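Peer 1: Starting off with a structure, shown below.
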Amino acid sequence: MLLIGQRSFFELNILDYENAPDSPSSADRNLLWVALRSGWQHHQSTSTAAILYTYEISTLLDWLRQLHATGRSQGRLVFTEPCLSLECISADSDEFLLQIKLAFEIAPDWHDDPLSPFWLPVVVTRHKLAEAIGQLSDQFLNFPVRR
Numbered sequence: 000m001l002l003i004g005q006r007s008f009f010e011l012n013i014l015d016y017e018n019a020p021d022s023p024s025s026a027d028r029n030l031l032w033v034a035l036r037s038g039w040q041h042h043q044s045t046s047t048a049a050i051l052y053t054y055e056i057s058t059l060l061d062w063l064r065q066l067h068a069t070g071r072s073q074g075r076l077v078f079t080e081p082c083l084s085l086e087c088i089s090a091d092s093d094e095f096l097l098q099i100k101l102a103f104e105i106a107p108d109w110h111d112d113p114l115s116p117f118w119l120p121v122v123v124t125r126h127k128l129a130e131a132i133g134q135l136s137d138q139f140l141n142f143p144v145r146r
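Quick note: the sequence shown uses numbering that gives the first Met the number 0, first residue 0, plus one each step.
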């Protein structure tokens with residue numbers, strides 16, 4: 000999933016499940032390794048981490064679809080791991096200003112303060128948001144929620 004604006008971008012790709020399908024707990028079976036890339040001004044950063052669960056990908060897709068359909072989000076989207084969150088700060092008929100929290104193990108390389116998150120602003124068009132939703136939906140088909 001690539002959210003791209005004129006001055007910044009955020010990319011999230013699902014790599015694999017963290018644990019085997021026969022892991023004893025549902026949480027273990029559904030933890031995903033993801034690759035993250037971010038760019039802001041002239042900086043770029045890449046990281047990989049097991050920070051999202053399959054059911055959180057489903058929630059993220061619902062949040063993005065709601066934003067695309069109505070132009071309004073349901074507030075800040077937070078995840079089990081506190082290093083990532085998304086929020087729509089403003090929206091008009093064709094653009095959304097998203098603020099993406101990157102902290103701890105996924106904080107960008109250029110961010111010098113390990114105790115505070117970096118808030119990445121991304122202005123994304125409605126068309127690019129729709130593309131990102133499609134990309135993440137396609138990836139999610141390969142990594143469904145394990146029962």
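Here a beta-carbon is modelled for each residue, glycine too, at the ideal position from N, C-alpha and C. Fair warning: this is a prediction, and the values are worked out from it, not measured in the lab.
1) What are the residues that DSSP puts in a beta bridge with Glu86?
2) In angstroms with no decimal places, state the Cα-to-Cα distance between Trp118 and Trp62.
3) Just tell me which of Leu31, Ser25, Ser24 has its CA closest to the CA of Leu14.
4) Cβ of Ser46 within 9 Å of Cβ of Gly38?
5) How far does the alpha helix (DSSP H) with Glu151 in it extend, from its first residue to its last?
6) How big is the Cα-Cα spacing for His67 and Glu10?
7) For Asn141, count neighbouring Cβ atoms within 10 angstroms of its own Cβ and tell me buried if that reaches 16, exposed if not.
8) Out of Ala48, Gln138, Arg125, which one is the CA nearest neighbour of Phe103?
9) Taking the alpha-carbon of Leu135 as reference, which of Phe8, Asn18, Asn12 has the nearest alpha-carbon?
10) Starting from Asp137 and walking both ways along the alpha helix (DSSP H), at which residues does that stretch end?
11) Does DSSP put Asp112 in a helix, a strand or coil?
12) When the distance is taken between beta carbons, is Val123 closer than 9 Å to Leu2?
13) Taking the CB atoms as reference points, tell me whether Phe95 and Leu128 lie closer together than 9 Å.
Peer 2: Straight from the coordinates:
1) Gln98
2) Computed Cα separation, rounded: 19 Å.
3) Leu31
4) no
5) For residue 151 there is no data in the structure shown, the boundaries of the chain being 0 and 146.
6) 18 Å
7) exposed
8) Ala48
9) Among Phe8, Asn18, Asn12, the Cα nearest to that of Leu135 belongs to Asn12.
10) Residue range 125–141 is occupied by the alpha helix (DSSP H) that includes Asp137.
11) coil
12) yes
13) yes
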